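Okay, so here's the structure we're looking at.
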Amino acid sequence: MADGRLVRCAKEVFLDLELVAIAGSASMWSVSCVILEGDDDEFLLGRDALKTLGIDVQDQLAQLAGSSF
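With the first letter of the sequence shown counted as 1, position 58 gets the number 58 in the UniProt record's numbering; the numbers rise by one all the way through.
Encoded structure:
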């Protein structure tokens, strides 16, 4: 997990996704998704999926850390 915890995943599925945003829509095929135990109804995209969309979280954090307020 993002906070360093280890979580066991019992199931993995592959989904075709269409993300719709103000800037437009983007489609991704065969995105690997793991199903975690719990009551949450959230869907989280990992770094690989975000990079496919052109979003590099690590790069954005590095830019933010380097900027002055």
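The beta carbon of each residue, even a glycine, is placed where N, CA and C say it ideally should be.
Keep in mind the model is a prediction, meaning the values are calculated, not measured.
Closer than 8 angstroms to chain C by CB, residue i
| i | result |
| --- | --- |
| residue 12 | Looking for chain C here will not work: only one protein chain is present. |
DSSP three-state assignment for residue i, whether helix, strand or coil
| i | result |
| --- | --- |
| residue 16 | strand |
| residue 34 | strand |
CB-CB length for residue i against residue j, believed under 8 angstroms
| i | j | result |
| --- | --- | --- |
| residue 32 | residue 18 | About 17 angstroms separates the two Cβ atoms, so there is no contact after all. |
| residue 53 | residue 26 | 6 angstroms |
| residue 14 | residue 30 | 5 angstroms |
Beta bridge counterpart(s) of residue i as assigned by DSSP
| i | result |
| --- | --- |
| residue 28 | 17 |
| residue 51 | In DSSP, residue 51 forms no bridge with anything. |
Which listed residue (the options) has its alpha carbon closest to that of residue i
| i | options | result |
| --- | --- | --- |
| residue 16 | 28, 9, 10, 62 | 28 |
| residue 49 | 38, 22, 34 | 34 |
| residue 38 | 65, 66, 7 | 7 |
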